[in-house]
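Residue numbers (the UniProt record's numbering): 1 to 609.
Listed below in structure tokens is the structure:
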């Protein structure tokens, strides 16, 4: 039984109204529940016969916690505890540092002891603020462990606008405190804002936008290199913005990379009512309304989009997609680069999403050289991309690729803290974005908290509350799959119940699907020419691709082995499936594809959707 459920069950059965001391599991559960709208907690407390603590009791648990701006002492104490546990196992802790700003509302309030809402929140002995500038942002520093599975926000600062020197001072202070307790910091991650670039320069990093060199700065105490990582999520969004606004970019051969192909692809998919295995929709073209959504940028430059463009150009031979080769390659390079910078699991099937380890480091280093060579010679008009005003996104990807390998090379051979493999997602700024999403979830979706509300939420999330990110957060990705109906299978009469069963195809001579495939309808009142205004080759490719998923789904529920065999084929009849899935999905039989084509024709004849 769950620990929380067990405690509540025993308390309800015993019919005792008071508990002398609530266990940690109940504290975490109730703090998380109260973090949500208070009415939800009041209802839950009523349902559980008032055995849950009163909200005032929960608030008292947090009164002793110092949540003022600056380095959080409870966070340092927790880090010391993690370090002691790691040392008992004979290993050191490797961590990355991430910094980002969150917008908050201008608001000053007396909390009974001091004024909350001024920059840096410095107060004299009477509680009056020494600074009269109201804060508009909270600068948060988070620590993410590379060789264990945890993260923690270690400090925050209420700011209005900090210059690079002031930001550098805060980061140096954090690095010094971490060194004093024995935490090794390998990197500093931030987005490509100019204030962050100036901060890195103040720390000692040298930025040369014309060279593909690793960027780092010396640790303020040990002088060991701290590698600078420009967040890949922000970089890919900047690249998307550049191509969408400039409309064209050029590769080294002068071939044109055009935004129009994405527009044509979306229009074609809506026109035919079938998608070429992509997630790109009108929403991705109207990105300016949701420019912070990472998935809109990554799905636009995904491998599935590149495969769809390739099928339209090479196999369907659509005239609008002649000349899309450069755009296809651009998508592949961006997709593979981002996958490498976003690896989350130790073992995956897709080669581009593998984490960095000793077995594949040579191959990854070779791939990175190809990606860097391609990106560095792109051109924005007649200017090299690294000399244009839109260089930051492209430079960010190249810089991150260089430094993830540099981090692995340095720490994989270290005697004090060997790194067996590197999950590059732990170097991402997503962890802070998810933390900000949880802060905004306080008392409903409050996307503009006051400084006092931010301080309160920071303490709750740091100590007890276990709030997940919203499904509408900027860095959450989602998938959905639709399945269709079962096809018909004709069996010859067997000589016995279990032997000599022969499967007969609906169309024995049909080994390939052509545009002129004749489909006889059961009733005369159906429209025989429902495909007359669409590209039948397009329909055949997409339906055969979808049929593979139908075959896979039916194979899980159908018990008859002969029926299952009739659903599958060793050969793929969809070039889209062959290019996109590389043999990793079930291939549908000719019979199943024919049934799916008949179903598609019926749907269009009666305008089902």
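Built from N, CA and C at the ideal position, the CB exists for glycine as well.
When you compare the CB positions of residue i and residue j, do they come within less than 8 Å of one another, or not?
i, j, result
"residue 321", "residue 303", "no"
"residue 248", "residue 239", "no"
"residue 462", "residue 72", "yes"
"residue 551", "residue 578", "no"
"residue 342", "residue 232", "yes"
"residue 116", "residue 109", "yes"
"residue 192", "residue 323", "no"
"residue 273", "residue 308", "no"
"residue 189", "residue 429", "yes"
"residue 407", "residue 186", "yes"
"residue 283", "residue 296", "yes"
"residue 319", "residue 104", "no"
Let's see if you can read the secondary structure: which residues bound the beta strand (DSSP E) around residue i?
i, result
"residue 345", "Per DSSP, residue 345 belongs to no beta strand (DSSP E) and is neither H nor E."
"residue 153", "151-159"
"residue 216", "216-218"
"residue 142", "137-145"
"residue 258", "256-258"
"residue 132", "Premise fails: residue 132 is in no beta strand (DSSP E) and is neither H nor E."
"residue 227", "225-230"
Tell me which same chain residues have a C-beta within less than 7 Å of the C-beta of residue i, skipping the five on either side of it?
i, result
"residue 593", "513, 543, 544, 547, 573"
"residue 216", "205, 225, 226, 227, 228"
"residue 326", "251, 255, 256, 257"
"residue 280", "262, 265, 266, 299, 300, 305"
"residue 344", "423, 425"
"residue 354", "343, 348, 360"
May I ask which residues mark the beginning and end of the alpha helix (DSSP H) holding residue i?
i, result
"residue 197", "194-203"
"residue 419", "First-last for residue 419: undefined, no H or E at that position."
"residue 573", "Per DSSP, residue 573 belongs to no alpha helix (DSSP H) and is neither H nor E."
"residue 355", "Note, residue 355: premise wrong, no alpha helix (DSSP H); not H, not E."
"residue 93", "No alpha helix (DSSP H) contains residue 93, which DSSP labels as neither H nor E."
"residue 452", "451-463"
"residue 248", "Counting along the chain, residue 248 falls outside any alpha helix (DSSP H), though it belongs to the beta strand (DSSP E) covering 248-250."
"residue 437", "430-440"
"residue 76", "73-88"
"residue 118", "No alpha helix (DSSP H) holds residue 118; DSSP gives it neither H nor E."
"residue 305", "303-310"
Leaving aside the five residues before and after residue i along the sequence, list all residues of the same chain whose C-beta is less than 6 Å from its C-beta, in chain order.
i, result
"residue 259", "243, 244, 247"
"residue 600", "543"
"residue 198", "164"
"residue 357", "421"
"residue 132", "none"
"residue 203", "168, 217"
"residue 403", "214, 227, 229"
"residue 597", "543"
Count the other C-beta atoms from every protein chain shown that fall within 10 angstroms of the C-beta of residue i, then say buried if there are 16 or more, exposed otherwise.
i, result
"residue 363", "exposed"
"residue 560", "exposed"
"residue 663", "The first residue shown for the chain is 1 and the last is 609, placing residue 663 beyond what the model contains."
"residue 210", "exposed"
"residue 433", "buried"
"residue 156", "buried"
"residue 540", "buried"
"residue 112", "exposed"
"residue 167", "buried"
"residue 351", "exposed"
"residue 400", "buried"
"residue 54", "exposed"
"residue 89", "exposed"
"residue 575", "buried"
"residue 328", "buried"
"residue 411", "buried"
"residue 69", "buried"
Using a Cβ-Cβ cut-off of 8 Å (strictly less than) and excluding sequence neighbours within five positions of residue i, which residues of its own chain qualify?
i, result
"residue 555", "564, 567, 568, 586"
"residue 446", "440, 453"
"residue 301", "236, 239, 240, 330, 331, 334, 335, 338"
"residue 74", "65, 66, 462, 463"
"residue 207", "197, 200, 201, 215"
"residue 174", "71, 97, 141, 154, 155"
"residue 101", "137, 138, 139, 140, 159"
Examine the ligand ZN and report whether any of its heavy atoms sits within less than 7 Å of the Cβ of residue i.
i, result
"residue 174", "In the structure shown, the ligand ZN is absent, as is every other ligand, since no ligand is present at all."
With a threshold of 8 Å between beta-carbons, can residue i be considered close to chain D, or not?
i, result
"residue 566", "Here there is only one protein chain, and chain D is not present."
- Message: Is it the case that the segment 139-148 contacts the segment 81-99, given that we only count it when at least three CB pairs across the two stretches are under 8 Å?
- Response: yes
- Does the segment 388-402 touch the segment 439-456, meaning 3 or more C-beta pairs lie closer than 8 Å? no
- Quick one: any contact between the segment 400-417 and the segment 135-142, if contact means 3 or more CB pairs under 8 Å? With the rule of 3 Cβ pairs closer than 8 Å, the segment 400-417 does not count as touching the segment 135-142.
- Examine the Cβ distances between the segment 73-82 and the segment 176-194 and report whether three or more of them are shorter than 8 Å. yes
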